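Reviewing the structure listed below.
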Amino acid sequence: MTDRYAVIGNPIEHSKSPLIHAAFAKQTGETLEYSRLLGNPGEFATDVREFFSRGGRGLNVTVPFKEEAWQLADELSHRAKVATAANTLILLSDGRIRGDNTDGVGLIRDLMTNHGFPLRSSHILLLGAGGASRGVIRPLLDENPASLVVANRTASKAVALACELGENGETEGCGLDDLADRQFDLIINATAAGLDGKVPAIPDTLLTTRGWTYDMMYGNEPTAFVRWGLERGAAKSLDGRGMLVEQAAESFFLWRGMMPDTAPMIQALVSYPSISV
Ligand code: ATR
506 MTDRYAVIGN
516 PIEHSKSPLI
526 HAAFAKQTGE
536 TLEYSRLLGN
546 PGEFATDVRE
556 FFSRGGRGLN
566 VTVPFKEEAW
576 QLADELSHRA
586 KVATAANTLI
596 LLSDGRIRGD
606 NTDGVGLIRD
616 LMTNHGFPLR
626 SSHILLLGAG
636 GASRGVIRPL
646 LDENPASLVV
656 ANRTASKAVA
666 LACELGENGE
676 TEGCGLDDLA
686 DRQFDLIINA
696 TAAGLDGKVP
706 AIPDTLLTTR
716 GWTYDMMYGN
726 EPTAFVRWGL
736 ERGAAKSLDG
746 RGMLVEQAAE
756 SFFLWRGMMP
766 DTAPMIQALV
776 SYPSISV
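Residue numbers for the sequence shown follow our numbering, so the first one is 506 and each next one is one higher.
Structure (structure tokens):
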């Protein structure tokens with residue numbers, strides 16, 4: 506029987522993961538099936554167990570089930586433990602389910618490997634304090650940036666997240682209102698504001714000369730935050746397409762032991778409309 510994989514989420518119809526994994530399988534000569542699964546609210550565990558009992562080998566998990574996937578896993582990678590969310594489930598040979606999280610490594614690889622951004626020497630601002638932000642804080646800190654500030658509309662959430670994930674004050678949490686007079690080499694948008702075509706309420710002067718902006722979302726058109734960066738002179742203003750493909754490649758590697766070449770897929774996605782993993 507062909508090895509079966511899927512992405513589970515709700516909604517799921519716009520997910521580009523099947524397209525990406527089919528391309529990876531073709532490129533690496535692996536034989537597998539990869540489909541979309543519409544997860545039912547309140548029945549996530551049942552849906553997952555049924556998938557694995559019918560020959561499923563691995564799942565990608567997207568909104569709103571990443572925390573439930575984390576809870577359901579019988580064992581977790583270190584990075585999934587820290588993120589308290591799993592976007593990849595792997596069926597182990599003894600029938601147990603392992604949870605991992607490839608979102609952080611996806612962002613880091615896109616920034617550093619694909620675009621050559623010097624995280625180590627940079628002052629970074631991360632906007633948002635929800636699940637998307639939580640998943641990338643530790644991976645960013647592990648690159649030893651000059652500084653990392655987490656800012657959120659609800660300041661208390663950013664403060665709590667920075668305290669929890671940054672050891673010995675490695676990172677600072679604050680409100681969007683506290684950003685006046687500050688400047689950053691890289692501003693990453695991990696808020697959900699873009700879903701309404703909005704940008705978080707931040708000062709116009711936040712970016713250093715030649716600074717970069719990065720929106721973890723992407724769409725067919727440049728996102729509101731990508732435009733915000735371009736209009737304020739960003740040397741590069743990137744969307745989350747590269748992160749999407751890189752996190753998929755890492756999941757593919759976890760399942761199949763082969764790392765696909767991501768560049769052709771990132772290029773191909775330029776013409777596909779979606780903001781959903
Ligand atoms: P996700 O898992 O995608 O991160 P989430 O947990 O619902 O989703 O978090 C959404 C994040 O986007 C939060 O940081 C939220 O800010 P609040 O904590 O203040 O709610 C942020 N967000 C959503 N809409 C926003 C907007 N219009 N402006 C600024 N921040 C916004």
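Quick reminder that beta carbons are idealized off the backbone N, C-alpha and C, glycines included. Small disclaimer: the values here were computed from a predicted structure and weren't measured.
Worksheet entry | Distance between beta carbons of residue 636 and residue 571, contact taken as under 8 Å | Position 66 of the sequence shown, counting from 1, holds the residue named residue 571. Position 131 of the sequence shown, counting from 1, holds the residue named residue 636. About 6 Å; that satisfies the 8 Å criterion.
Discussion item. Can you tell me whether residue 659 is helix, strand or coil according to DSSP?
Written reply: Locating residue 659 in the sequence shown gives position 154, where the first residue counts as 1. Reduced to three states, the DSSP call for residue 659 is coil.
Practice prompt. Let me know the secondary structure DSSP gives residue 559 once reduced to three states.
Written response: In the sequence shown, counting from the first residue as 1, residue 559 sits at position 54. Residue 559 sits in coil when the DSSP states are folded into three classes, being neither helix nor strand.
Worksheet entry | Short Cβ contact (8 Å threshold) for residue 612 with residue 650 | In the sequence shown, counting from the first residue as 1, residue 612 sits at position 107. In the sequence shown, counting from the first residue as 1, residue 650 sits at position 145. In this structure, residue 650 does not lie closer than 8 Å to residue 612 by Cβ.
Discussion item. Less than 8 Å between the C-beta atoms of residue 713 and residue 730, yes or no?
Written reply: Against the sequence shown, residue 713 aligns to sequence position 208. Against the sequence shown, residue 730 aligns to sequence position 225. Pairing residue 713 with residue 730 gives a Cβ-Cβ distance that is not under 8 Å.
Worksheet item: Is DSSP giving residue 649 helix, strand or coil here?
Response: The residue labelled residue 649 in the question sits at position 144 within the sequence shown. In the displayed model, residue 649 falls within coil according to three-state DSSP, outside both helix and strand.
Worksheet item: Since residue 609 contacts residue 575 with CB under 8 Å, what's their CB separation in whole angstroms?
Response: Taking the sequence shown and counting its residues from 1, the one referred to as residue 609 is at position 104. Taking the sequence shown and counting its residues from 1, the one referred to as residue 575 is at position 70. Actually they do not touch by this definition, with Cβ atoms about 14 Å apart.
Item to complete: In the DSSP assignment, find the alpha helix (DSSP H) that holds residue 678 and state where it starts and stops.
Response: In the sequence shown, the residue the question calls residue 678 occupies position 173. In this chain, residue 678 is not harboured by any alpha helix (DSSP H); it is covered by the beta strand (DSSP E) spanning 676-680.
Worksheet entry | Host alpha helix (DSSP H) of residue 613 (start-end) | Start at 1 with the first residue of the sequence shown, and residue 613 comes out as number 108. Counting along the chain, the alpha helix (DSSP H) containing residue 613 begins and ends at 608-614.
Worksheet entry | Where the alpha helix (DSSP H) through residue 517 begins and ends | Within the sequence shown, the letter at position 12 stands for residue 517. No alpha helix (DSSP H) contains residue 517, which DSSP labels as neither H nor E.
Discussion item. Using the Cβ count rule (16 or more neighbours within 10 Å means buried), how would you classify residue 705?
Written reply: Here residue 705 is taken as the residue at index 200 of the sequence shown, counted from 1. It is buried - the Cβ of residue 705 has at least 16 other Cβ atoms within 10 Å.
Worksheet item: In angstroms, rounded to a whole number, what distance separates the CA positions of residue 547 and residue 709?
Response: Reading the sequence shown from its first residue, position 42 is the one you call residue 547. Reading the sequence shown from its first residue, position 204 is the one you call residue 709. For residue 547 and residue 709, the distance between alpha carbons rounds to 42 Å.
Practice prompt. My understanding is that residue 722 touches residue 699, with C-beta atoms under 8 Å, so please give their C-beta distance in whole angstroms.
Written response: Your numbering for residue 722 matches position 217 in the sequence shown. Your numbering for residue 699 matches position 194 in the sequence shown. With 8 Å as the limit, residue 722 and residue 699 qualify as a contact, their Cβ atoms being about 5 Å apart.
Worksheet item: Tell me which same chain residues have a C-beta within less than 8 Å of the C-beta of residue 553, skipping the five on either side of it?
Response: The residue you call residue 553 lines up with position 48 of the sequence shown. Cβ neighbours of residue 553 beyond the five flanking positions: 513, 564, 574, 577, 594, 602.
Worksheet entry | CB contact flag (residue 656, residue 630, <8 Å) | Within the sequence shown, residue 656 is the residue found at index 151, counting from 1. Within the sequence shown, residue 630 is the residue found at index 125, counting from 1. Cβ distance < 8 Å, so residue 656 and residue 630 count as in contact.
Worksheet item: What's the call for residue 639, buried or exposed, on a 16-neighbour Cβ count within 10 Å?
Response: Locating residue 639 in the sequence shown gives position 134, where the first residue counts as 1. The residue is buried, with at least 16 neighbouring Cβ atoms inside 10 Å.
Fill in: CB of residue 627 within 8 Å of CB of residue 670, strictly
Walking along the sequence shown from the start, residue 627 turns up at place 122. Walking along the sequence shown from the start, residue 670 turns up at place 165. With contacts defined as CB atoms closer than 8 Å, residue 627 and residue 670 fail to qualify as a contacting pair.
Practice prompt. Using 7 Å as the cut-off, classify the Cβ of residue 644 as near or not near the heavy atoms of ligand 1, replying yes or no.
Written response: Here residue 644 corresponds to residue number 139 of the sequence shown, with the count starting at 1. Checking the Cβ of residue 644 against ligand 1 gives no.
Discussion item. Comparing C-alpha positions only, which one of 586, 587, 566, 562 sits nearest to residue 598?
Written reply: Within the sequence shown, residue 598 is the residue found at index 93, counting from 1. If we check each option's Cα against that of residue 598, 562 comes out closest.
Discussion item. Which residue wins for smallest C-alpha separation from residue 666, given the options 641, 739, 687?
Written reply: The count along the sequence shown starts at 1 and reaches residue 666 at position 161. Out of 641, 739, 687, the CA that lies nearest to the CA of residue 666 is found in 641.
Worksheet entry | Runs of alpha helix (DSSP H) wholly within the stretch 532-579 (minimum 4 residues, chain order) | You should have 549-558, 571-577.
Fill in: Span separating the alpha-carbon of residue 718 from that of residue 507
Numbered from its first residue, the sequence shown carries residue 718 at position 213. Numbered from its first residue, the sequence shown carries residue 507 at position 2. Between residue 718 and residue 507, the C-alpha separation is close to 42 Å.
Discussion item. By the three-class DSSP mapping on this structure, what secondary structure does residue 633 have?
Written reply: Taking the first residue of the sequence shown as 1, we reach residue 633 at position 128. Secondary structure of residue 633 (DSSP, three-state): coil.
Worksheet item: Is any heavy atom in ligand 1 found nearer than 7 Å to the beta carbon of residue 627?
Response: Locating residue 627 in the sequence shown gives position 122, where the first residue counts as 1. Not under cutoff, so the answer is no.
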